[in-house]
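The block underneath contains the structure these notes are about, expressed in structure tokens.
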Amino acid sequence: MNPIVPAVDHPIEDVQAKTDKRQIAINKVGIKDIRHPVRVSDRSGGEQHTVASFNMYVDLPHHFKGTHMSRFVEILNQHEHEITVRSFREMLREMSHRLQAESGHIEMGFPYFVTKQAPISKVQSLMDYQVTFLGEIKEDKPQITVKVVVPVTSLCPCSKQISDYGAHNQRSHVTVAVRIEGFIWLEDIIDLVEEEASCEIYGLLKRPDEKYVTERAYDNPKFVEDMVRDVAARLNQDDRISAYRVESENFESIHNHSAYAMIEREKQLST
């Protein structure tokens, strides 16, 4: 039996499109923290099926009462296919056009997994990294920033220097946000950070691996200041990146506080 659909005798009023008399424009209006399945390409040639959390906003001119919230969800549903930086740019353009906005913002955060091999035993395990795509469009010109949180090990140079034996170390989070001009793999950013740490972190280690990572960190001590400077030096050499922000937070093992450092730069790229 088919459901009874009531007849509509007259068009339903579009309340959002009414004129607002307060003459106050809104910088960002939209939807926040909506989860949606996505597929993300990885450097190995495969793709990862994951769930991302989205924030989607547009500006609203002073004469409109509201925006059309359902259109944000419609745009998400049309982009269930593989998410790349290119398709992310297309989503930004589509959102600003459909909502007749001069500017728009999309934030997409998701866990990203990399298969890593232990240094000695070669046993494999997964490491997860928190990734965020940040997109902004103004005057139909999209700009994409990719942010990755990379956990690493840091060992204190001062502790090593003044102690007769041993040195304190800790897990650190290095957060790199890069504005990209060309294509870049997420793994490229992760590799860069891990190569500049006292030692990288693994999901699974055997005893010979534990010996290796302990001695590797001891031979490669880094202050939080060293960490951000070394990563920044590498980013300065990469022409795919036009701007960056590098943060390092050491969750100190001998203090009840964290050590923190940050470098932020706009690069002058050659044309």
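Numbering (the working numbering), first residue to last: 493 to 763. Glycine included, C-beta positions come from ideal geometry on N, C-alpha and C.
As assigned by DSSP and simplified to three states, the class of residue i
| i | result |
| --- | --- |
| V641 | strand |
| A593 | coil |
| D534 | coil |
| S750 | strand |
| V480 | Lying outside 493 to 763, the shown extent of the chain, residue 480 is not represented and no answer is given. |
| V720 | helix |
| V653 | The residue you asked about is not Val; residue 653 is Gln in the sequence shown. Of the three classes helix, strand and coil, the one that applies to Q653 here is helix, per DSSP. |
| A659 | coil |
| F564 | helix |
| V615 | coil |
| R671 | strand |
| F715 | coil |
| E631 | coil |
| R726 | helix |
| L696 | coil |
| R585 | helix |
| R514 | coil |
Between the CA atoms of residue j and residue i - distance to the nearest angstrom
| i | j | result |
| --- | --- | --- |
| N748 | Q609 | 33 Å |
| R721 | T511 | 52 Å |
| L618 | N742 | 23 Å |
| Y549 | R563 | 11 Å |
| Y694 | S734 | 30 Å |
| A725 | E717 | 12 Å |
| H555 | I567 | 24 Å |
| M587 | G601 | 18 Å |
| I746 | E692 | 20 Å |
| N728 | Y736 | 9 Å |
| K557 | R585 | 23 Å |
| I682 | S655 | 32 Å |
| E687 | W677 | 16 Å |
| T559 | G537 | 39 Å |
| T706 | P700 | 10 Å |
| T763 | H571 | Note that T763 has pLDDT 48, beneath the 50 cutoff, so the model's placement of it is unreliable and no number is given. |
| P603 | Y710 | 30 Å |
| N519 | V606 | 37 Å |
| Y657 | P649 | 13 Å |
| M754 | S579 | 30 Å |
First through last residue of the alpha helix (DSSP H) which encompasses residue i
| i | result |
| --- | --- |
| A768 | No answer is possible for residue 768: it lies beyond the span of the chain, which begins at 493 and ends at 763. |
| D551 | Counting along the chain, D551 falls outside any alpha helix (DSSP H), though it belongs to the beta strand (DSSP E) covering 539-552. |
| E687 | 678-688 |
Best match in the options for proximity to residue i [C-alpha to C-alpha]
| i | options | result |
| --- | --- | --- |
| R535 | F675, C691, M587 | F675 |
| E756 | S740, E631, D731 | S740 |
| Q662 | V685, H554, F715 | F715 |
| V644 | C650, K652, A689, H660 | A689 |
| R732 | Q540, T542, V670, P529 | V670 |
| T542 | P553, Y621, S646, V565 | Y621 |
| S750 | P713, D680, V666, E673 | V666 |
| R708 | Q570, I672, A753, A659 | A659 |
| D551 | S545, R578, Q592 | Q592 |
| E466 | E758, L647, D632 | Any property of residue 466 remains undetermined from this structure, which presents the chain solely from 493 to 763. |
| G627 | M561, K698, E702, E673 | E673 |
| D525 | C650, Y657, N547, L697 | N547 |
| D730 | T576, A517, D680, M561 | D680 |
| I523 | M561, A517, D632, S595 | M561 |
| D632 | E594, F625, N569 | E594 |
Residue interval of the beta strand (DSSP E) (run including residue i)
| i | result |
| --- | --- |
| C741 | Note that residue 741 corresponds to Glu in the displayed sequence, not to Cys. Unbroken beta strand (DSSP E) run through E741: 733-743. |
Under 8 Å between C-beta atoms of residue i and residue j
| i | j | result |
| --- | --- | --- |
| S640 | V615 | The sequence given here has Val at residue 640, not Ser. No, these two residues do not count as a Cβ contact at 8 Å. |
| I598 | Y704 | no |
| M719 | S664 | yes |
| E539 | R531 | yes |
| P634 | R590 | no |
| P713 | K652 | yes |
| V638 | V685 | no |
| I575 | G596 | no |
| V577 | I516 | no |
| V565 | V668 | no |
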